[in-house]
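>
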Amino acid sequence: MQRNCYVLMPFAPEFDAVYEVILGAARDSDFDCARADKKKDLGLITQGIMMDILLADITIVVADISGFNPNVLYELGIAHTLGKPTLLISQELSSGGRLPFDITHMATIPYTRPVTVGDAHARELNISIQRYFSESRIHHNPVSITFAAERLSLANHFGFGFLWGFARTLEESRRAHDAWVVSTKLYWERLNAQFYRSILEERILLGKRKELVLLPDTEENRYRKNTVMERYETVNPKVEEFLKILLISDSRAFAFLPTEISIYDAGTHDVRAIILEPMAVEGMDHENDTRIAAALNSNNTRDLRLHNLRESTFDLALPKFVAEQMCVAFKRVWNEECIT
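In terms of the working numbering, the sequence shown opens at residue 2 and continues consecutively.
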């Protein structure tokens, strides 16, 4: 899929060096880069800018808001409305100035205008932009962030309770007496260690909860399993009675697995099953999920509300009859592996 970087900035000669720096950073990050005034056929410039932003498959909009040029701010608003991720760069911030109130919370790189593409200021700006491009999930658009939260709220209001935010998933995990997990990797230990450590210490290590984890037999998973079990055996030598991690070589168990499936309280009338963020680019919203877990663990309602607003993909709760069927399938695979 083509990745594009569209640059919004004043059409003035003193910004040409800045554009060349952005162009270099974009190309080094495998993005095509464009600026409206660099095109041969300008036509109606405003209309062309809108179409360029709209039609790109994946567009990151880099907006140079130095001097608060009204055209750039107008075009930035168009990018937000079209749901495009944005990055702001500003000379004002590097000289102690302030941004307009409505965009003060947005990701902004302060910079000093380079004289040439090769000077120290140019290199510093290039590194900062490349670091942004390398992020696996780029959210910085207040319009799409807000609408994502509203979609979840409206969906639940109209009875589509199968959409769960990550905080709901963690709460369900916390209250579960038993958990059966099918995953490709040991995500929870790596991403939400603080939250899950509280579950392990409060429930599993005290023998009040059982957790069964089914993983592919890979070198990485073998290493993680050994690391986890060795760590918790020092706290409770009998931890393996309550936390069991089974590695299997039969890939059929994971053939259609998008990220992770969790089954809570299997075999009870309250059985529940969820698929974790099947529409996420890399399986999970790593950064935001970790923040939600930390806010929930510390009972920080303000931060939890803030990070909930930043969710753009959600967990899917499965119907009860599907959860029951998954319990049967999980038990069959588990027992077959244990017998052999």
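The beta-carbon is built from N, C-alpha and C at its ideal position, and this holds for glycine as well.
#1: Look up K85 in the DSSP assignment and say whether it is helix, strand or coil.
#2: With a Cβ-Cβ cutoff of 9 Å, do V183 and I262 count as a contact?
#3: Going by DSSP, name the residue or residues bridged to P217.
#4: Let me know the secondary structure DSSP gives T109 once reduced to three states.
#5: Quick one: measure Cβ to Cβ for N222 and L187, integer angstroms, because I've assumed they're closer than 8 Å.
#6: Buried or exposed: where does A121 fall if 16 or more other Cβ atoms within 10 Å of its Cβ makes it buried?
#7: In whole angstroms, give me the CA-to-CA distance for C6 and N227.
#8: If we count the other Cβ atoms within 10 Å of its Cβ and call it buried at 16 or more, is E312 buried or exposed?
#9: DSSP state of S263, grouped into three classes?
#10: What are the partner residues of K321, as DSSP defines its beta bridges?
#11: Sorted by chain position, which residues of the same chain lie with C-beta nearer than 8 Å to I249's C-beta, five sequence neighbours on each side aside?
#12: F163 and P279 - do their beta-carbons sit closer together than 9 Å?
#13: Between the Cα of V240 and those of E288, G268, T260 and I205, spot the shortest distance and give me the residue it belongs to.
#14: By the 10 Å Cβ neighbour count, where 16 or more other Cβ atoms means buried, how is T105 classified, buried or exposed?
#15: Helix, strand or coil for K211 per DSSP?
#16: Which word fits V8, buried or exposed, when buried means at least 16 other C-beta atoms lie within 10 angstroms of its C-beta?
#17: Would V63 and I128 be called neighbours here (beta carbons separated by less than 9 Å)?
#18: Is DSSP giving A180 helix, strand or coil here?
#19: For V142, collect the residues of the same chain with a Cβ closer than 6 Å to its Cβ; drop the 5 residues on either side in sequence, then sort them by chain order.
#20: Would the beta-carbon of M10 fall within 9 Å of that of R28?
#21: Where does D316 sit, in a helix, a strand or coil, going by DSSP?
#22: Output the distance between the C-alpha atoms of G302 and P115, rounded to the nearest integer angstrom.
#23: Counting only the same chain and skipping the five closest in sequence on each side, list residues whose C-beta sits under 7 Å from that of R175.
#24: With DSSP as the reference, identify every bridge partner of R114, one or two as the case may be.
#25: Would you kindly work out how many angstroms separate the C-alpha atoms of I59 and R132, rounded to a whole number?
#26: Drop a sphere of 10 angstroms on the beta-carbon of S135, count the other beta-carbons inside from all chains shown, and report buried for 16 or more, exposed for fewer.
#27: Apply the 10 Å Cβ neighbour rule to F32 and answer buried if 16 or more other Cβ atoms are within range, or exposed otherwise.
#28: Using only the alpha-carbon positions, how far apart do H158 and E172 sit?
Straight from the coordinates:
#1: Note: K85 maps to coil in three-state DSSP.
#2: Yes, the Cβ-Cβ distance between V183 and I262 is below 9 Å.
#3: Beta-bridge pairing links P217 to I249.
#4: Strand at T109.
#5: Right, their Cβ atoms sit about 6 Å apart.
#6: Sixteen is the threshold: since fewer than 16 other Cβ atoms of the shown chains lie within 10 Å of the Cβ of A121, the residue is exposed.
#7: Using only the alpha carbons, I get a separation of about 43 Å.
#8: Counting the other CB atoms within 10 Å of its CB gives E312 a total of 16 or more, which places it among the buried residues.
#9: Reduced to three states, the DSSP call for S263 is strand.
#10: Answer is none; K321 lacks a bridge partner.
#11: Cβ neighbours of I249 beyond the five flanking positions: L215, L216, P217, D218, V334 and E338.
#12: Inclusion of P279 and F163 in the CB contact set at 9 Å is not warranted, their separation being larger than that value.
#13: Comparing Cα positions, the closest option is I205.
#14: By the neighbour-count criterion, in which a residue is buried when 16 or more other Cβ atoms sit within 10 angstroms of its Cβ, T105 is exposed.
#15: For K211, the three-state secondary structure derived from DSSP is strand.
#16: That one is buried.
#17: Not closer than 9 Å, so no.
#18: Strand, per DSSP.
#19: The identity of residue 142 in the sequence shown is Asn, whereas the question assumes Val. Answer for N142: H81, P86 and T87, listed in chain order.
#20: In this structure, R28 does not lie closer than 9 Å to M10 by Cβ.
#21: Three-state result, D316: strand.
#22: The displayed chain sequence assigns Thr, not Gly, to residue 302. So the alpha carbons of these two residues sit roughly 43 Å apart.
#23: Counting only Cβ-Cβ distances below 7 Å, and skipping sequence neighbours, we find I200.
#24: Under DSSP, R114 shares a beta bridge with no residue.
#25: Residue placement at I59 is poorly supported in this model, since its pLDDT is 49, which falls under 50; the coordinates still yield a value, given next. Cα-Cα distance, rounded: 17 Å.
#26: So S135 ends up on the exposed side.
#27: Under this definition F32 is a buried residue.
#28: The predicted model places H158 with a pLDDT of 49, which falls under 50 and marks its position as unreliable; any figure quoted below should be read in that light. Straight-line measurement puts the Cα of E172 at about 19 Å from the Cα of H158.
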